[in-house]
Amino acid sequence: MTTITKPRIQSIDLLKGLVMVIMALDHVRDYFHYSAFFFDATDPEQTTWPIYLTRFITHFCAPAFSFLAGTSAFMIGKRKPLNELSSFLFKRGLWLVFIEIVIINFGWKFDLNFTHIGLQVIWSLGISMIVLAGLIHLPKKLILAFSLVIIFGHNLLDNIHFGGSYFWAILHERQKFEFIEGHTVIFAYSLLPWIAVMSLGYCFGSLYDSSFDAQKRKRLLNALGLGSLALFFILIALNSYGDPVKWTNYGNTSKTLMSIFNISKYPPSLLYLLITLGGTFLFLANAEKLKGKVVDFFCVFGRVPFFYYIIHIYLIHLFAAFAAYFTGFGWQALVLPKFITRVEALKGYGFNLITVYLVWIIVIVLLYPLCKKFDNYKQSHKEKWWLSYL
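Start counting the sequence shown at 3; every next residue gets the next number (our numbering).
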């Protein structure tokens with residue numbers, strides 16, 4: 003049995019853990035917040051700042067994790083031949099797609115009929131890995147160019163529409179289809195920009211090579227982070243490119259600010275990626291020397307993110323079923339034919355935002371010992387190949 007060793011740079015695990023924990027807040031809000039059934043949390047016309055910020059902070063999760071998945075792929079590649087890494091990424095990508103369709107979709111809805119299948123973040127990570135399995139055979143500069151062209155240019159496709167096209171929905175436009183009578187699938191995470199985020203992360207993996215100077219890495223990541231945020235505000239000021247929805251001047255500072263930062267996630271616009279990846283770069287630049295129990299706490303989640311992701315969905319949904327039962331809706335109401343906030347019969351169910359945060363804290367506290375135990379097992383049994391798929 004091997005001893006547990008800490009990674010050379012904990013900032014990656016720390017950031018993964020933070021985004022995993024923050025992501026759970028958004029999912030608890032979906033299943034427990036009263037207003038989630040009536041309006042979008044980022045709608046300037048109806049929301050409040052506490053609700054708005056609760057949703058906005060979770061925007062950083064998917065881009066950071068997709069980017070770091072690419073970085074981790076590069077680091078794994080330092081220990082494997084290129085063909086072996088390519089094979090691993092391809093097989094793990096297929097595995098993630100299977101898990102999304104079967105295990106995760108059931109966790110979201112508890113519906114054995116699979117009436118509604120949502121292809122979301124795990125699907126996008128899986129397909130991105132499959133594409134990356136091929137991209138890694140190209141020169142690094144070409145992969146970087148590919149990533150940047152898509153991230154900066156994909157919004158040129160915003161006005162191109164192919165209604166009813168599965169291919170276009172998969173690539174760039176969120177759409178729902180009835181693939182069998184009474185059964186629908188929604189391509190929630192259109193793939194084109196997400197593939198580019200992961201391949202960009204792969205290019206950044208070389209920054210974490212043991213031969214790369216830590217201070218140089220810090221300066222570079224800080225410059226990229228600040229530059230991304232500066233470009234975000236320049237494009238906001240121009241209000242002509244970078245997001246399919248232009249911000250609106252409401253004649254009210256509060257509502258106008260909400261409109262400015264109400265960036266598009268489906269698919270992730272250039273503005274969305276500039277602010278979220280900009281924040282990612284700044285965090286990575288300045289978190290390497292962080293130590294202590296709080297850092298260790300979040301790193302546990304960051305080392306077992308896939309295990310955590312699956313369990314947290316089931317736990318939140320089970321809690322919501324109990325909540326529905328005790329508030330008169332019945333647990334059966336949480337066997338869902340579609341995403342929970344779209345179920346008309348659940349309007350009137352839910353709690354205030356304080357309760358949402360309390361449930362979120364309880365979920366994280368309960369998951370920590372499970373994740374800690376699995377983390378210990380995973381690090382102590384690195385010879386078991388199947389653990390790399392969890």
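Ideal Cβ positions, reconstructed from N, Cα and C, are used throughout, including at glycine. Quantities reported herein were computed from a predicted structural model and do not represent experimental measurements.
| Check | Outcome |
| --- | --- |
| Assigned exposure category for TYR168 - 16 Cβ within 10 Å defines buried | exposed |
| Rounded straight-line distance, which links the Cα of GLU180 to that of ILE103 | 15 Å |
| Beta-bridge partners of GLU180, as assigned by DSSP | THR186 |
| Three-pair Cβ contact test at 8 Å for the segment 17–32 versus the segment 360–367 | yes |
| Proximity winner among ASP377, LYS349, LYS384 and LYS143, relative to PHE41 (alpha-carbon distances) | LYS349 |
| Collapsed DSSP secondary structure at LYS8 in the structure displayed | Interpretation of LYS8 is limited by its pLDDT of 42, a score under 50 that renders its predicted location unreliable; no figure is taken from the coordinates. |
| Cβ distance (whole Å) where ILE315 is taken to contact ILE106 below 8 Å | 6 Å |
| Cut-off 6 Å between Cβ atoms - residues of its own chain near GLN122, not counting five sequence neighbours on either side | ALA190 and TYR191 |
| Classification of ARG31 by the beta-carbon crowding that lies within 10 angstroms, buried from 16 upward | buried |
| Reduced DSSP category for VAL21 - H, G, I as helix; E, B as strand; rest coil | helix |
| Limits of the alpha helix (DSSP H) - the one that GLY280 falls within | 272–288 |
| Near the ligand PLP: VAL187 beta-carbon under 8 Å from a heavy atom | Within the structure as shown, the ligand PLP is missing, as the structure has no ligands at all. |
| LEU194 versus PHE283: straight-line alpha-carbon distance, rounded | 21 Å |
| contact_flag[the segment 249–269, the segment 298–309] where n(CB pairs < 8 Å) is 3 or more | no |
| Collapsed DSSP secondary structure at LYS384 in the structure displayed | coil |
| Those runs of the beta strand (DSSP E) which lie wholly inside the segment 124–210 and span at least 3 residues | 178–182 and 185–189 |
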